[in-house]
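Trainee: Counting with the numbering used here, you get residues 54 to 309 for the letters of the sequence shown.
Glycine included, every Cβ here is placed at the ideal spot set by N, Cα and C.
These numbers were taken from a predicted model, which means no experiment stands behind them.
First the structure, then my questions, so here it is.
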Amino acid sequence: MPDYLTLAIVAAREAGALLREGFGQATRVEHKGAIDLVTDYDRQAEALILARLRAAFPEHAINAEESGRTAGSAREWLVDPLDGTTNFAHGFPQFAVSLALTEHGRLTVGVVYDPLRDELFAARSGQGATLNGAAIRVSAVRSLDQALLTTGFPYDIRTNPRNNLAEFTRFQLRCQAVRRPGAAALDCAWVAAGRADGYWELRVSPWDVAAGALIAREAGGRVTSPAGGDDFLGQDAIVVSNGLIHAEMLAVLRDE
Ligand code: IPD
Ligand code: CA
Ligand code: CA
């Protein structure tokens, strides 16, 4: 079987090196929406990743944030070349490259690379999750009351009422603290590494969370839709946790 994970790691590291060089430089920023930004680095990093994937696996489908989706294969790569663009554009050091592979709709490979910390999170389905090659494991925090959570907000927060503000308020009153770091892929990977106990977000895209979700699951965590189903990839909302606080998180989302 071709080594999909190794190729994904090479591509993520190359794209990450490009982002690291560009971080803090004056960069051209365009608006995709009122507060939704894109930089030259999003596009350059994506072009680099797509060139790598196409050269190695020309028959695979690709769903990439900046250039869209090509269909026609049971194997599809989900590509976020720069997760955390707002942070990157402001010089706020929290962003990553995210690459995942689905085979017949199942997540089989996930890589999240944080170039500033040189931290490479990776997983293959059924084989555990690693950070720079060492096995990682979710936290052992047992109750929401003691939990540190992360979340994020959609770009149309000003106009769409399903904007996560009500959920944010509820969680903030029930857990130890909620952070909003600004890169969904790292939010998931940090649950996997036990740095946070849970993460939820409404209206994310598959390329934001696919890799991180596999990494969290392989690190012993639980990943579902807010309704509790395993079909989170086909949905636009996700709950990632250490497993122990998952039921409590779902209850808060149901407003119970
Ligand atoms: C965004 C980040 C952010 C999350 C948004 C995403 P982008 O991705 O992951 O943390 O709250 O929902 O769209 O635009 O920086 O790739
Ligand atoms: Ca993203
Ligand atoms: Ca992005």
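My output table needs one value for Thr92: the three-state DSSP class, helix, strand or coil.
Mentor: Residue state, collapsed to three classes: strand.
Trainee: Which full runs of the beta strand (DSSP E) of 3+ residues lie inside the stretch 112-140, going along the chain?
Mentor: List check, beta strand (DSSP E) in window: 114-117, 121-123 and 128-136.
Trainee: So, at 6 Å on beta carbons, what are the nonlocal neighbours of Ala64 in its own chain, with the 5 sequence-adjacent residues on each side left out?
Mentor: So the qualifying residues of the chain are Ile102 and Arg105.
Trainee: Out of curiosity, what's the CA-to-CA distance linking Glu83 and Gly75?
Mentor: For Glu83 and Gly75, the distance between alpha carbons rounds to 16 Å.
Trainee: Nearest to Ala182 by alpha carbon, out of Pro214, Ala264 and Pro168?
Mentor: Minimum Cα distance to Ala182 is reached at Ala264.
Trainee: Along the alpha helix (DSSP H) that carries Ala175, what are the first and last residues, could you check?
Mentor: Counting along the chain, Ala175 falls outside any alpha helix (DSSP H), though it belongs to the beta strand (DSSP E) covering Glu172 to Arg177.
Trainee: Just jot down, in chain order, the residues whose CB lies closer than 7 Å to any heavy atom of ligand 3.
Mentor: That gives Asp95, Glu118, Asp133, Pro134, Leu135, Asp136 and Thr138.
Trainee: Would you give the residue range spanned by the alpha helix (DSSP H) that Val231 belongs to?
Mentor: Val231 -> not in any alpha helix (DSSP H); beta strand (DSSP E) instead, spanning Ala230 to Arg232.
Trainee: Confirm, please, whether the CB-CB distance from Glu254 to Ile291 is below 8 Å.
Mentor: Closer than 8 Å, so yes.
Trainee: Classify Asp136 as buried or exposed, calling it buried when 16 or more other Cβ atoms lie within 10 Å of its own Cβ.
Mentor: Per the 10 Å Cβ criterion, buried.
Trainee: Measure the C-alpha to C-alpha separation of Leu239 and Glu271 and round it to an integer number of angstroms.
Mentor: Rounded to the nearest angstrom, the two C-alpha atoms are 15 Å apart.
Trainee: For Arg122, which of Thr139, Thr161, Pro259 and Asp93 has the nearest alpha-carbon?
Mentor: Looking at the Cα atoms, Pro259 is the closest of the given residues.
Trainee: Under a CB-based cut-off of 8 Å, is Ile189 close to chain B?
Mentor: Absent from the structure: chain B. Only one protein chain is present.
Trainee: Where Arg195 and Glu112 are concerned, what is the direct C-alpha to C-alpha distance, given to the nearest angstrom?
Mentor: Rounded to whole angstroms, Arg195 to Glu112 spans 45 Å at the Cα level.
Trainee: Apart from the five residues just before and just after Gln199, which ones in its own chain have a Cβ nearer than 7 Å to its Cβ?
Mentor: Counting only Cβ-Cβ distances below 7 Å, and skipping sequence neighbours, we find Gln229.
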